[in-house]
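What follows is a single structure, written as structure tokens, with notes after it.
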Amino acid sequence: MTGVIRVDTIVDLLRQSTSVIVDAQGNERTCDQVLEAGQRLAADLAAAGLQGGDRIAVQMHNSPLYVDLLAAAAVGGFAVMSVNARFAPALADSIIERSGARLVIRSADDLPEVSAGQRNFPDASADDRYAIFTTSGTTSAPKLVVHQQRSIAAHGADVAAAFGYNAESSVLVPLPLCGVFGFTVLWGALAGHAMVIMPTAFEAEETGRLVQELGVTSLHGSDDLFHRLLATDWDLSTINCSGYARFNSALDGIVERCEARGVPLSGLYGMSEVQALYAFRGASGLPMEQRWKAAGELVSPRAERRVVDDELQLQGPSLFEGYLADGGDEIDVELTAANFDGPWFKTGDLAVEDGPRSFEYITRIGDVMRLGGFLVAPAEVEGVIMQLDEIDQAQVVAIGREQGARPVAFVILSPGADFDEQVVIDHCAASLARFKCPVRVVAIDAFPVTDGPNGVKIQRAKLRSMGEALLG
11 MTGVIRVDTI
21 VDLLRQSTSV
31 IVDAQGNERT
41 CDQVLEAGQR
51 LAADLAAAGL
61 QGGDRIAVQM
71 HNSPLYVDLL
81 AAAAVGGFAV
91 MSVNARFAPA
101 LADSIIERSG
111 ARLVIRSADD
121 LPEVSAGQRN
131 FPDASADDRY
141 AIFTTSGTTS
151 APKLVVHQQR
161 SIAAHGADVA
171 AAFGYNAESS
181 VLVPLPLCGV
191 FGFTVLWGAL
201 AGHAMVIMPT
211 AFEAEETGRL
221 VQELGVTSLH
231 GSDDLFHRLL
241 ATDWDLSTIN
251 CSGYARFNSA
261 LDGIVERCEA
271 RGVPLSGLYG
281 MSEVQALYAF
291 RGASGLPMEQ
301 RWKAAGELVS
311 PRAERRVVDD
321 ELQLQGPSLF
331 EGYLADGGDE
341 IDVELTAANF
351 DGPWFKTGDL
361 AVEDGPRSFE
371 YITRIGDVMR
381 LGGFLVAPAE
391 VEGVIMQLDE
401 IDQAQVVAIG
411 REQGARPVAF
421 VILSPGADFD
431 EQVVIDHCAA
441 SLARFKCPVR
451 VVAIDAFPVT
461 DGPNGVKIQR
471 AKLRSMGEAL
481 LG
């Protein structure tokens, strides 16, 4: 079987996929072998007392065991509560407690000390709760996002079709499986019968080596991932399909830099609630100068989008079931309903429609600045500031004042550069409307960030707090 696999469960996806998964040591396993390992592990977990619907918290880097646990959860009807291996112990413990996980696995030592052999399980159901992700939590406690087997399997097929994955494809997955980004790429590759290459974690030199030596054809990641990869000398020209998430406005030239190395990079859009790779700029066939924009064409033919009062709203087969209530047994109906308008999920993102089935992501609505009565994307001001050679990176936030919100800029200087705040302000005044010009520009060593499973995100809420302290 070589066509895209369209099934309702992860078990059936694994059963039909002809993909081979290559681990960090170069060991290869077929999907049949992964499914067999998952069946044995599911039997052991059931013998230790786990039942269908129970949560298993997994906090580890990518590994064959992680993949086996995903297979075991699909077989046994368990749900995997994915916990970032980099989370501080207090945050990880809080998430695990909220999920009501019956078992926490950080290594093979945490597996039940039983060997149950084979066991007959009920057929997997498309309705089984299967994967639980945390939202970024950059402004509040992370929400727990629940996906059923149905949404993961359906989106995997749509991803495989949209990105042209087939038995000749080699897909590198350096992003952690605990995040929706790496997770989505894995199932999309398997649904298309592609070879999956899965290192333990992203490391630029190792990733470059794998691309060159194994002839990787597809790689997705954040702008920072590609920025670091381009700093290596490896040949990346075998990559013919790559998408990136825009997390750092200072790296807006990343598409052109990748093109110069033979890598056709395009903007992506996704989030935990609708999964990664929900929209892809490259699918529209736009020229290079247009591909840097985030989002693009809807990947699934059944997905829909609309913009209501500037907010992006989505629906489609990749949509989540709901937010998990504390304790883990039920969906938090009230919290989930608050984020929907009928069947439409309200993303909290500012976007514009730019085609019959496409959109451009601008920024989080909570990050957009209302200045002088107008909505202003921070990237507009940041781009002007970074025209100066002495500025390497910039972030701009709006600070509320009695006379109205005013922009404050935080910058990271280029190596060896001198800094004159007034020079930066004057430069902005020459290019921007007066109400968009920063009233303060402050040089700092590094931006506060959250190092999440999908990439590094700047904590703009902390920058706003710093700006409020500056203005008094």
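In terms of the working numbering, the sequence shown is residues 11 to 482.
From the three backbone atoms N, C-alpha and C, an ideal C-beta is built for every residue, glycine too.
Owing to the predicted nature of the structure, the values given are computational and were not obtained by experimental measurement.
C-alpha gap between residue i and residue j, whole angstroms
{"i": "G202", "j": "D18", "result": "15 Å"}
{"i": "A419", "j": "A440", "result": "16 Å"}
{"i": "R256", "j": "G352", "result": "29 Å"}
{"i": "A163", "j": "V284", "result": "13 Å"}
{"i": "F445", "j": "D336", "result": "44 Å"}
{"i": "V93", "j": "Q413", "result": "44 Å"}
{"i": "A57", "j": "L196", "result": "29 Å"}
{"i": "L398", "j": "T460", "result": "27 Å"}
{"i": "P297", "j": "C251", "result": "14 Å"}
{"i": "A313", "j": "G253", "result": "19 Å"}
{"i": "G383", "j": "M476", "result": "23 Å"}
{"i": "A53", "j": "I249", "result": "40 Å"}
{"i": "S368", "j": "L51", "result": "42 Å"}
{"i": "R267", "j": "L240", "result": "8 Å"}
{"i": "S125", "j": "V273", "result": "47 Å"}
{"i": "L481", "j": "A415", "result": "11 Å"}
{"i": "A98", "j": "I105", "result": "11 Å"}
{"i": "D78", "j": "L200", "result": "14 Å"}
{"i": "P209", "j": "L442", "result": "45 Å"}
{"i": "A177", "j": "C438", "result": "52 Å"}
{"i": "V317", "j": "L80", "result": "35 Å"}
{"i": "N72", "j": "V343", "result": "32 Å"}
{"i": "L24", "j": "A34", "result": "21 Å"}
{"i": "A289", "j": "V309", "result": "5 Å"}
{"i": "A260", "j": "V433", "result": "19 Å"}
{"i": "Q61", "j": "A389", "result": "49 Å"}
{"i": "A211", "j": "D120", "result": "21 Å"}
{"i": "S146", "j": "D138", "result": "24 Å"}
{"i": "D436", "j": "A387", "result": "20 Å"}
{"i": "A100", "j": "L55", "result": "26 Å"}
{"i": "G530", "j": "F330", "result": "As shown, the chain starts at 11 and ends at 482. That puts residue 530 outside it, with no answer to give."}
Nonlocal neighbours in the same chain, by C-beta distance under 7 Å from residue i, ignoring five residues either side
{"i": "R16", "result": "A167"}
{"i": "A270", "result": "none"}
{"i": "E400", "result": "L423, S424, A427, D428, F429"}
{"i": "W302", "result": "D262, V265, G277"}
{"i": "S29", "result": "C41, A199, L200, H203, A204, M205, V206"}
{"i": "V226", "result": "S180, L182, I207, L220, T248, I249"}
{"i": "V44", "result": "L24, I31, V77, D78, A81"}
The ligand SAM heavy atom lying under 7 Å from the CB of residue i
{"i": "A286", "result": "Summarising the ligand content, the structure contains no ligands, and the ligand SAM is consequently not present."}
Cβ distance (whole Å) where residue i is taken to contact residue j below 8 Å
{"i": "F173", "j": "G198", "result": "7 Å"}
{"i": "V155", "j": "S276", "result": "The pair is not a contact, with the Cβ atoms about 25 Å apart (cut-off 8 Å)."}
{"i": "G48", "j": "A84", "result": "7 Å"}
{"i": "A391", "j": "P417", "result": "Looking at the sequence itself, residue 391 is Val, so the reference to Ala does not match. Indeed they touch by this definition, with Cβ atoms about 6 Å apart."}
{"i": "L322", "j": "T357", "result": "5 Å"}
{"i": "R291", "j": "G280", "result": "The Cβ separation is near 12 Å, so there is no contact."}
{"i": "V190", "j": "A111", "result": "Not quite, the Cβ-Cβ distance comes to about 19 Å (not below 8 Å), so this is no contact."}
Neighbourhood of residue i by C-beta, 6 Å cutoff - its chain only, sequence neighbours within 5 removed
{"i": "S161", "result": "S328"}
{"i": "L113", "result": "I66"}
{"i": "I115", "result": "V68"}
{"i": "W362", "result": "Going by the sequence as given, residue 362 is Val instead of Trp. Within the same chain, V362 has close Cβ partners E370."}
{"i": "Q325", "result": "E314, P353, W354"}
{"i": "L360", "result": "D320, I372, T373, I375, V378"}
{"i": "T346", "result": "G332, Y333"}
{"i": "S492", "result": "Residue 492 falls outside the range modelled here, since the chain spans only 11 to 482, and no answer is possible."}
{"i": "L187", "result": "N72, Y76, F193"}
Buried or exposed by the 16-neighbour rule on C-beta atoms within 10 Å, applied to residue i
{"i": "N37", "result": "exposed"}
{"i": "A348", "result": "exposed"}
{"i": "L185", "result": "buried"}
{"i": "Q159", "result": "buried"}
{"i": "L385", "result": "exposed"}
{"i": "S117", "result": "exposed"}
{"i": "G365", "result": "exposed"}
{"i": "R13", "result": "According to the sequence as given, residue 13 is Gly; it is not Arg. So G13 counts as exposed."}
{"i": "P152", "result": "buried"}
{"i": "V169", "result": "buried"}
{"i": "P448", "result": "buried"}
{"i": "N130", "result": "exposed"}
Own chain partners of residue i with C-beta closer than 8 Å, once the 5 adjacent residues on each side are dropped
{"i": "F457", "result": "Q403, Q405, F420, I422, I468, Q469, L473"}
{"i": "R219", "result": "W244"}
{"i": "A134", "result": "T19, I20, V21, D22, A84, V85, G87, Q159"}
{"i": "A136", "result": "D18, T19, Q158, Q159, R160, A163"}
Any chain C beta carbon closer than 8 Å to residue i
{"i": "G48", "result": "In summary, chain C is missing from the structure at hand, where a single protein chain is found."}
Should the region 230-245 be regarded as contacting the region 463-480, the criterion being three or more beta carbon pairs within less than 8 Å?
yes
Count the CB pairs spanning the region 425-432 and the region 404-416 that are closer than 8 Å, and state whether there are at least three.
no
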